[in-house]
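Engineer: Numbering (this note's numbering), first residue to last: 122 to 505.
Next up is a structure, given as structure tokens.
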């Protein structure tokens, strides 16, 4: 057997023999991939940018009352948490119903699935320390644009509401402390007095309702018994609050009116009043997105001009790659099959043997040629 050597001519023959097969596979794959672009439902993505400044996490006027965040990585985590907090189930449901993303469902499980699908179409990530890119994928360009604008507005409102909630809680606690201190200095019971006043008013209304109900129903009627029980509870609570107010007022007055602590108490009271006024200013500056400067949109979303998915260039590239893979597999199998069934002349040349002849098909006549040699003067044999 001769050692087989591959020449350039053999390679050219191989290429020429399989060129049609290659172009067929590539063209068919490209045609299928491109046609899918026009049949697959299109999706559009609109993008905007949201900025949350470092001042959002700082409270210079009341920093000793409200903790601040100074670590950059922690600030990024806090910003991400704020954006995730905005995507509540209620907001996602409102978004899905407003833009007809939800299909009519009859059970909570299917609704939860649609909610998670819509939430996955809302993407946001950090661009730098302060800015975040927010994008929403929609079935139409207009819906993607409008949903992105709504999501940005809701994220801003959520961030402002969270900060404002912290400021308001701090203000309320400060006001309560000032009222207690002021009422003790004035010799009154402060917030407990207003609480008792509300209880007394409720008790008067309850007794009036009870008298009107007794004129129509018996003493043993469930509604009458219920009002009587409520009257007893309020009366007991009113007496308890009165005793508590007297005790608190005495203790606080004894501590605050101590001659040694009078000056320091006045200083604390003045300092708390100053911080309360700072809190009022901070709340006024953060009451809505127009007045809050620490959270804003730095890039408004625009209506997308082309589909986000499917893209013609991506599908064309995928079709071209798949066509090349299919062509390679087809050519390899074709050549393997061709090598398994060599023609007599090719086999004689490859194995370096002499070709004696070929065995023809067996005809249906009586005469059967057994062998037809390649040399001249061949004598056909007969079974007769």
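Ideal Cβ positions, reconstructed from N, Cα and C, are used throughout, including at glycine.
#1: For residue 232, tell me which candidate among 243, 248, 246 and 215 has the shortest Cα-Cα distance.
#2: Going by other Cβ atoms of all chains shown within 10 Å of its Cβ, with 16 needed for buried, is residue 478 buried or exposed?
#3: Helix or strand or just coil, what does DSSP make of residue 141?
#4: Here's a check: name, in chain order, each residue in its chain whose Cβ is nearer than 7 Å to the Cβ of residue 408, leaving out the five neighbours to either side.
#5: Could you check if residue 171 is buried or exposed, using at least 16 other CB atoms within 10 Å of its CB as the buried criterion?
#6: Apart from the five residues just before and just after residue 270, which ones in its own chain have a Cβ nearer than 7 Å to its Cβ?
#7: One question on the structure: do residue 154 and residue 429 come within less than 8 Å of each other, judged by their Cβ atoms?
#8: On the DSSP letters alone, give me the boundaries of the beta strand (DSSP E) that residue 417 sits inside.
#9: Does the Cβ of residue 465 have 16 or more other Cβ atoms within 10 Å, making it buried, or fewer, making it exposed?
#10: Would the segment 220–235 and the segment 191–207 be scored as touching if the rule is three or more Cβ pairs under 8 Å?
#11: Can you tell me whether residue 228 is buried or exposed? The criterion is at least 16 other CB atoms within 10 Å of its CB, across all chains shown.
#12: Let me make sure I understand the geometry here. Which of 247, 134, 476 and 130 has the alpha-carbon closest to that of residue 456?
#13: If I measure Cβ to Cβ from residue 413 and keep anything under 6 Å in the same chain, skipping five residues before and after, which residues do I get?
#14: With a 10 Å radius around its C-beta and 16 neighbouring C-beta atoms as the bar for buried, classify residue 290 as buried or exposed.
#15: Only counting the same chain, and skipping five residues up and downstream in sequence, which positions put a Cβ closer than 7 Å to that of residue 420?
#16: Just to confirm the assignment, what range does the alpha helix (DSSP H) spanning residue 231 have?
#17: Compare the beta carbon distance of residue 352 and residue 327 with 8 Å and say whether it is the shorter of the two.
#18: Give the secondary structure of residue 341 by DSSP, where H, G and I count as helix, E and B as strand, and everything else as coil.
#19: Looking at the unbroken alpha helix (DSSP H) that takes in residue 215, where does it start and where does it end?
#20: On the DSSP letters alone, give me the boundaries of the alpha helix (DSSP H) that residue 197 sits inside.
#21: Of all the options 206, 259 and 245, which has the alpha carbon lying nearest to the alpha carbon of residue 239?
#22: Mapping the DSSP letters down to three states, classify residue 172 as helix, strand or coil.
#23: Is residue 468 helix, strand or coil when you go by DSSP?
#24: Whose C-beta lies closer than 7 Å to the C-beta of residue 161 among residues of the same chain, with five residues either side of it excluded?
#25: Does residue 396 come out as helix, strand or coil in the three-state DSSP assignment?
#26: Thinking just about the alpha-carbon of each residue, which of 253, 166, 142 and 132 is nearest to the one in residue 451?
#27: Around the C-beta of residue 449, are 16 or more other C-beta atoms found within 10 angstroms, so that it is buried, or is it exposed?
#28: Give the secondary structure of residue 475 by DSSP, where H, G and I count as helix, E and B as strand, and everything else as coil.
#29: Buried or exposed: which applies to residue 230, given that a residue is buried once 16 or more other Cβ atoms fall within 10 Å of its Cβ?
#30: Residues in the same chain with beta-carbon distance under 6 Å from residue 443, minus the five sequence neighbours each way, listed in chain order, please.
#31: Could you check the C-alpha separation between residue 333 and residue 357 for me, to the nearest Å?
#32: Do you know how far the Cα of residue 438 is from the Cα of residue 159?
#33: Please state whether the Cβ-Cβ distance between residue 348 and residue 276 is less than 8 Å.
Structural biologist: Answer, in terms of the structure:
#1: 215
#2: exposed
#3: helix
#4: 285
#5: buried
#6: 422
#7: no
#8: 416–420
#9: exposed
#10: no
#11: exposed
#12: 134
#13: 281 and 407
#14: exposed
#15: 169 and 170
#16: 229–241
#17: yes
#18: coil
#19: 210–219
#20: 193–207
#21: 259
#22: strand
#23: helix
#24: 431
#25: helix
#26: 142
#27: exposed
#28: coil
#29: exposed
#30: 150
#31: 23 Å
#32: 16 Å
#33: no
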